[in-house]
Amino acid sequence: MNLTTELAGKVAVVTGGGAGLGAAMARVFAQQGAAVATLDIDGAAAERTAKTITEELGVPTTSARVDVGDAESLAVSARHVRETLGGCDVLCANIGVQQFGAIDRLTDQDWEWVLNVNVLGTIRTVREFLPLIRERAGWRRIVLTASSSVLTPAVRMGAYQTSKFAVTGFGETLREELAPEGIGVTLLFPGGMATRGWSACGWTRSPPTCLPSPGNAGRRSAVGGRRSAVGGQQSA
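In structure tokens, the structure reads:
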């Protein structure tokens, strides 16, 4: 696949686009000639990313604050993208929060928070933007951020890993449902990465220096084949 040919003139929407992997993905799309919408629970960060991309790469951008835990917030952002950029050809549901802890120590509240954001947030995002994708013609794709923990589970990550197994199953089913319409679905399986997710998860120390930067992961992972294993994870 020639990304320059496929993405030139397209519109890419990236959740978690204010920083980290999401911002890196947005930049990759813009470098290939796509207009970009950056959505993030941190609206100011989303706006900064969009502004920087336009200034440096000259492509149209827009941004919005969105809470993937709130269906109405996503509906508003979808309308905003349609009104400002005309639609959506590529959707990156780049969503992930973490709650560390042994299985027997995690509370119902812990589980509900992680599952609501990671699983239902992904489902809500696809549900709200799929009508925009269906309105477009030609090459179209949905990209879901899963996790390498699905491939190599680790201890004290039960809630997160459960949620990403669910996202993987959702993506596999979605791929089969949308294939007849010519809409592709890509699952990403990123590994650990030094992003703002460390602070969001309650870490008090800096992440290990061995973790890759989001820029390199974004360049490798923005779009790809049936599955892509890459080196980064973003918390939205």
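Quick note on my numbering: the sequence shown kicks off at 594 and runs consecutively.
For glycine and all other residues, C-beta sits at the position ideal for the given N, C-alpha and C.
query: Which residue comes first and which comes last in the alpha helix (DSSP H) that contains Thr631?
result: Per DSSP, Thr631 belongs to no alpha helix (DSSP H); it is in the beta strand (DSSP E), Ala628 to Asp633.
query: DSSP puts Val606 in a beta bridge; with which residues?
result: Ala630 and Leu684
message: Only counting the same chain, and skipping five residues up and downstream in sequence, which positions put a Cβ closer than 6 Å to that of Ser656?
response: Thr631, Ala639, Glu640 and Ala643
query: Who are Thr655's beta bridge partners in DSSP?
result: Ala630
query: What is the rounded straight-line gap between the Cα of Arg698 and the Cα of Gly626?
result: 47 Å
task: Output the distance between the C-alpha atoms of Ala822 and Ile634, rounded to the nearest integer angstrom.
output: Here the model assigns Ala822 a pLDDT of 29, short of 50, so the residue's position is not dependable and the matter cannot be decided.
- prompt: Roughly how many whole angstroms lie between the Cα atoms of Ile726 and Ile735?
  reply: 9 Å
task: Flag this pair as touching only if the segment 685-700 and the segment 743-758 have three or more C-beta atom pairs under 8 Å; answer yes or no.
output: yes
message: Determine whether the beta carbon atoms of Cys685 and Met618 lie at a separation below 7 Å.
response: yes
field: Given Thr766 as reference, the closest of Val659, Leu600, Gln702 and Leu737 once Cα atoms are compared
entry: Leu737
- request: Starting from Ile776, follow the alpha helix (DSSP H) in both directions and report where the run begins and ends.
  value: Careful: Ile776 lies outside any alpha helix (DSSP H), inside the beta strand (DSSP E) at Ile776 to Leu781.
message: Could you compute how far the alpha carbon of Gly679 sits from the alpha carbon of Gln702?
response: 39 Å
- prompt: Less than 7 Å separating the beta-carbons of Ala628 and Trp704?
  reply: no
field: Residue ranges of each alpha helix (DSSP H) within the segment 740-774, 4 or longer
entry: 751-771
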